[in-house]
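Okay, structure first, notes after.
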Amino acid sequence: MLSMSRIRKVYRTQLVETYALDEITLEVDTGEFVAVMGRSGSGKTTFLNVAGLLDTFDAGTYHLDGEDVSRLSDSAMSRIRNEKIGFIFQSFNLIPDLDVFDNVDVPLRYRRLPAKERKARVERAVEMVGLSSRLRHLPAQLSGGQQQRVAIARVLAGDPKLILADEPTGNLDTLMSREVMDLLERIHEQGTTIVMVTHSPECAARAPRHIHLLDGKVLDTDADAELFAERTMPSLAAAIQ
Numbered sequence: 001m002l003s004m005s006r007i008r009k010v011y012r013t014q015l016v017e018t019y020a021l022d023e024i025t026l027e028v029d030t031g032e033f034v035a036v037m038g039r040s041g042s043g044k045t046t047f048l049n050v051a052g053l054l055d056t057f058d059a060g061t062y063h064l065d066g067e068d069v070s071r072l073s074d075s076a077m078s079r080i081r082n083e084k085i086g087f088i089f090q091s092f093n094l095i096p097d098l099d100v101f102d103n104v105d106v107p108l109r110y111r112r113l114p115a116k117e118r119k120a121r122v123e124r125a126v127e128m129v130g131l132s133s134r135l136r137h138l139p140a141q142l143s144g145g146q147q148q149r150v151a152i153a154r155v156l157a158g159d160p161k162l163i164l165a166d167e168p169t170g171n172l173d174t175l176m177s178r179e180v181m182d183l184l185e186r187i188h189e190q191g192t193t194i195v196m197v198t199h200s201p202e203c204a205a206r207a208p209r210h211i212h213l214l215d216g217k218v219l220d221t222d223a224d225a226e227l228f229a230e231r232t233m234p235s236l237a238a239a240i241q
């Protein structure tokens, strides 16, 4: 699903060059659920932005779902992003004046899908996240966990092949975080590829595979991963055994 080879992303100022991604090489197979971990400044967000075609990179090659996206035009990247990728963010990004149905429907309207198809997609997605009884509720009438589930339903309605999640439980308490992670696990079980950036050892432990970033580099050996866990997230050390 996702194949990167020697990806480099450099931020330049007059005085210094910062390698946000430094020779990143990795693959994520179709249907995998992967947690990307690393302390602040390790390159996690930059990695997710590049993977989601929200940002460009300076060197390397990137294939998404078998298509080389390294040298595509902005319009071509926008098409692939809209058709193949769904984004879940820490902030829910719901429109306060729209109810659940209309919030989920927004991206489908931009894709100019027929009204009947949009309605079916929205209702199916909302049912998947367990909010069918809240279709006409505004975001302010929902809990934080329910708002995140609406955001996830909005992603599911687009039927993406790849879901990129950036700290999806970052604004939630422990109980609501578990509910959202339960939902992501169910989505993964249905065959969707998920790449999740997280600081949370508990959330990361839900993913069968972990990718560790440190200073823009992938730590790709067992010894590196164990050292990463010991130095940056001691409570994760046991969880990834």
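In the UniProt record's numbering, the protein residues as written are 1 to 241. Glycine included, each C-beta is placed from N, C-alpha and C at the ideal position. For clarity, every value in this text was computed on a predicted model and none was experimentally measured.
Exercise for review: Identify whether V195 lies in helix, strand or coil by the three-state DSSP scheme.
Suggested key: strand
Cα-Cα, which of R186, Q141, E179 is closest to I95? Q141
Taking the CB atoms as reference points, tell me whether D182 and Q90 lie closer together than 8 Å. no
Q | alpha helix (DSSP H) runs wholly inside the region 45-92, at least 4 long, in chain order | A | 74-84
Point to revise | CB contact check: L21 to chain B, cutoff 8 Å | key: Among the chains of the structure shown, chain B does not appear; only one protein chain is present.
From which residue to which residue does the alpha helix (DSSP H) around K217 run? Counting along the chain, K217 falls outside any alpha helix (DSSP H), though it belongs to the beta strand (DSSP E) covering 217-219.
Which of helix, strand or coil DSSP assigns to T232 | Bear in mind that the predicted position of T232 carries a pLDDT of just 49, short of 50, making it too unreliable to give a figure here.
Self-check item: alpha helix (DSSP H) runs contained entirely in the region 141-220, provided each spans 4 or more residues
Solution: 144-157, 174-189, 201-204
### Query
Nearest to F87 by CA position, among H210, L162, A205, D215, is which residue?
L162
The beta strand (DSSP E) spanning R12 covers which residue range? 2-12
| said: Once the 5 residues before and after R206 are set aside, which same chain residues still bring their CB inside 8 Å of it? | reply: F33, A35, M181, L184, E185
Supposed close pair G216, Y19 - CB separation, criterion 8 Å:
5 Å
Review point. Between which two residues does the beta strand (DSSP E) carrying E23 extend?
Key: 17-28
> Quick one: what's got a C-beta closer than 8 Å to D68's C-beta in the same chain, skipping five residues either side?
Replying inline: T61, Y62
Let me check understanding here. Comparing Cα to Cα, which of V195, R209, C203 lies closest to F47?
V195
(message) Using a Cβ-Cβ cutoff of less than 6 Å, which residues in the same chain neighbour R81 once the five nearest sequence positions on both sides are dropped?
(response) L53
Query raised in the report: Based on the DSSP secondary-structure assignment, which residues constitute the bridge partners of G101?
Result: Before going on, a small fix: residue 101 reads as Phe here, not Gly. BP columns for F101 are empty, so no partner.
Quiz item: Within 7 Å: the Cβ of V195 and any heavy atom of the ligand SAH?
Solution: Summarising the ligand content, the structure contains no ligands, and the ligand SAH is consequently not present.
(request) Check whether the Cβ atoms of E27 and R8 sit closer than 8 Å, and answer yes or no. (result) no
- Query: Exposed or buried, V122, counting other C-beta atoms within 10 Å across all chains shown (16 or more means buried)?
  - Reply: buried
| query | When we look at the beta-carbon of K116 and count the other beta-carbons within 10 Å, is it buried (16 or more) or exposed? | reply | exposed
Exposed or buried, Q148, counting other C-beta atoms within 10 Å across all chains shown (16 or more means buried)? buried
Handout entry: As assigned by DSSP and simplified to three states, the class of S34
Key = The question names Ser, but residue 34 in the sequence shown is Val. Here V34 sits in strand by DSSP.
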